[in-house]
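If you want my numbering, it's the position in the sequence shown, counting the first as 1, plus 136. For reference, the structure discussed in these notes is given below.
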Amino acid sequence: MPKDDITWDDLNGAEKRAILRADARGAWQIFRGASSAPGADRRVEAVYEQARKRINGGK
């Protein structure tokens, strides 16, 4: 596994909450008839990218 690969356990509480909120919004959009929820996917990826920077010291 690459050194910069982030797992759920590496995330802090705020990051986990942000991902859960984004997933819930995406699920709601799909439930309401959207074929996909790319906005939710982008938000989740942004949280992981932020966590990578935090864990790797801003590199």
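Glycine residues also receive a C-beta, built at the ideal position from the N, C-alpha and C atoms. The model shown is predicted, which means the values in this text are computed figures rather than measured ones.
Hey, out of the options, whose CA is closest to residue i's CA?
i: Leu156; options: Asp141, Gly169, Arg168, Tyr184; result: Tyr184
For residue i, I'd like the list of residues in its chain whose CB is within less than 6 Å of its CB, leaving aside the five on either flank, ordered along the chain.
i: Val180; result: Ile155, Ala158
Verify whether the separation of the beta carbon atoms of residue i and residue j is less than 7 Å.
i: Gly193; j: Ala176; result: no
i: Leu147; j: Ala187; result: yes
i: Ile166; j: Ala160; result: no
Over what stretch of residues does the alpha helix (DSSP H) that includes residue i continue unbroken?
i: Ala163; result: 149–167
i: Gly175; result: 174–191
Give me, in chain order, the residues of the same chain whose beta-carbon lies closer than 8 Å to that of residue i; leave out the 5 immediate sequence neighbours on both sides.
i: Asp141; result: none
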